[in-house]
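Scroll down for the structure; my scribbles are underneath it.
2 protein chains.
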Amino acid sequence: MTGKDIILGLLMEKSRTGYEINEVFETIFRHFYKTSYGMIYPTLKRLTKAGLVEKEIVVQTGKPNKNVYHITKKGEEAFNDYLKTDISPEKRESEFLVRMYFGGNESQETLRIWLKNEIQLVENNIEQLKNDHQEWNKKMTLSQSIAYEIGLAQFLAERDVLENYIKQLDEENHR
Amino acid sequence: MTGKDIILGLLMEKSRTGYEINEVFETIFRHFYKTSYGMIYPTLKRLTKAGLVEKEIVVQTGKPNKNVYHITKKGEEAFNDYLKTDISPEKRESEFLVRMYFGGNESQETLRIWLKNEIQLVENNIEQLKNDHQEWNKKMTLSQSIAYEIGLAQFLAERDVLENYIKQLDEENHR
DNA sequence: GCTGACATGTAAGCAGTTACATGATTAT
DNA sequence: ATAATCATGTAACTGCTTACATGTCAGC
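One line per chain: the protein sequences are A and B, in this order.
Okay, so the first sequence: first residue is -8 according to my numbering, each after it adds one.
Okay, so the second sequence: first residue is -8 according to my numbering, each after it adds one.
Next up, the structure:
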């Protein structure tokens, strides 16, 4: 799976601009796929050249013009081919956990700061995820709901562990 | 954070070979940082050239010879400098969740197969994590325990969601 | 004779990331 | 004026992945 596959999938749902594709990555895809314009626009260009998508220039008033991309037959075939490939194992890279691993020599105070910071980040993620869900759930399929709930459950689980440890640190301090 | 930083950190703990560094990545680091020999050996070479680590050739009997790497003063400084940088946001890439997002047109049967497969993978992860923990916990610091428990809690959370949904599918089928 | 653990590397390629660059319009 | 939203791109770099390549020794 590369960015190309996901972009094709999103254009199967409906025609979109690069800007709108980025919005999807920043909302519902946030907790399982991160990317940037630096991937989106060059990919769209390559896909156009390869005949998998078609570009339509839409003139707008009150807003800058935009390029709407439509998937072609060839593009649909490419996406269906992708769907037949094996699912690759998940990739995670958590610098927070790496730091926790190496944090054995840090003071309890430093540890508490790290934990508090991470809780804040996780809570932001939870809130954003819930907001995104409220906007999307009207048209969500069953499998999309599962994707959402797994993300939410994992964030909640992390928050619980973090809060438990902070409590533990506090209790040790008050003894 | 790049592979280089983690390798330096691991060599701060104790001198290791490339093979042993890989073992760490395959056990305790498994759920938050994935890599391969293709990163480890070239990095070790670069680090040696830069004077951050030193290579010692150890002749063994009954086993192939090995290269043990020791961190230098300069290497320790580099690692401490890294520790002062900001923690970068987590990166996740779950092809399973991407497929779930796009899986709206799949049959319940297909969905059930996907869920069962993912449960199997998650359960393998849980078991491996628990095994790794039993081997390492004797010498684990508090913060290392947190890293372990976050990983475990997230896998358990995912398993719960998946199992719930399978149950739901079963119930709908029996109506 | 073969499998599995131990052990070390290279080289080509790629899929991005990061930083840069630009600009219109609307609302405050 | 200035921030926010809408909107599109490029170019250099990089850090890794994948596949290849090689070999020892122990135990069955």
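By construction, the Cβ of each residue, glycine as well, lies at the ideal position given by its N, Cα and C atoms.
Keep in mind that this is a model prediction, so the values were computed, not measured.
T8(A) is bridged by DSSP to V59(A).
Straight through space, the alpha carbons of K82(A) and L74(A) are spaced by roughly 19 Å. Taking 7 Å as the CB threshold, A148(A) lines the interface with chain B. Considering only N58(A), L2(A), Q119(A), the residue with the shortest C-alpha distance to R21(A) is Q119(A).
The beta carbons of F16(A) and T26(A) sit closer together than 7 Å.
Spanning the alpha carbons of Y32(A) and R150(A) requires a straight line of approximately 35 Å. The stretch 100 to 109 of chain A makes no contact with the stretch 151 to 159 of chain B; the number of CB pairs closer than 8 Å stays below 3. Within chain B, the residues placing a beta-carbon under 7 Å from that of S85(A) are F23, E81, ordered along the chain. Just measuring C-alpha positions, the residue of P80(A), T132(A), I78(A), E45(A) sitting nearest N96(B) is T132(A).
Listed in chain order, the alpha helix (DSSP H) runs fully inside the stretch 42 to 112 of chain B are 64 to 75, 86 to 93, counting runs of at least 4 residues. Going by beta carbons, E86(B) and S79(A) fall inside the 7 Å limit. Within the DSSP bridge table, the entry for Y28(A) names no partner. Remark: three or more beta-carbon pairs, one from each stretch, lie closer than 8 Å, so the stretch 39 to 55 of chain A and the stretch 64 to 71 of chain A are flagged as touching.
Judged by DSSP secondary structure, I19(A) falls outside any alpha helix (DSSP H); it is assigned neither H nor E.
Within the same chain, Cβ atoms closer than 6 Å to the Cβ of L38(A) are found at V44, the five residues on either side in sequence being excluded. Cβ atoms of H61(A) and S6(A) come within 8 Å of each other, at about 5 Å. With respect to the 7 Å criterion, Y28(B) and Q135(A) are not classified as neighbours on the basis of their beta carbons. Selection N128(A), D161(A), F23(A), D77(A) evaluated against L88(B) yields F23(A) as nearest (Cα-Cα).
Under the three-state reduction of DSSP, H165(A) is assigned to coil, being neither helix nor strand.
Excluding sequence positions up to five before and after T34(A), its CB lies within less than 8 Å of the CB of G(-6), K(-5), I(-2), all in the same chain and listed in chain order. For M3(B), the three-state secondary structure derived from DSSP is helix.
At a cut-off of 7 Å between C-beta atoms, M91(B) counts as an interface residue with respect to chain A. Identification of chain B residues near M(-8)(A) by a Cβ-Cβ cut-off of 7 Å yields E86, V89, ordered along the chain.
Taking 8 Å as the upper bound for CB-CB distance, K57(A) and V49(A) are in contact here, some 5 Å apart. Put simply, of E100(B), E4(B), M30(B) the residue whose alpha carbon is nearest the alpha carbon of N164(B) is E100(B). Residues of the stretch 129 to 160 of chain B with a Cβ closer than 8 Å to any Cβ of chain A, in chain order: T132, L133, S134, Q135, I137, A138, E140, I141, G142, A144, Q145, L147, A148, E149, D151, V152, L153, Y156. Contact of I78(B) with chain A is assigned, a C-beta pair being separated by under 7 Å.
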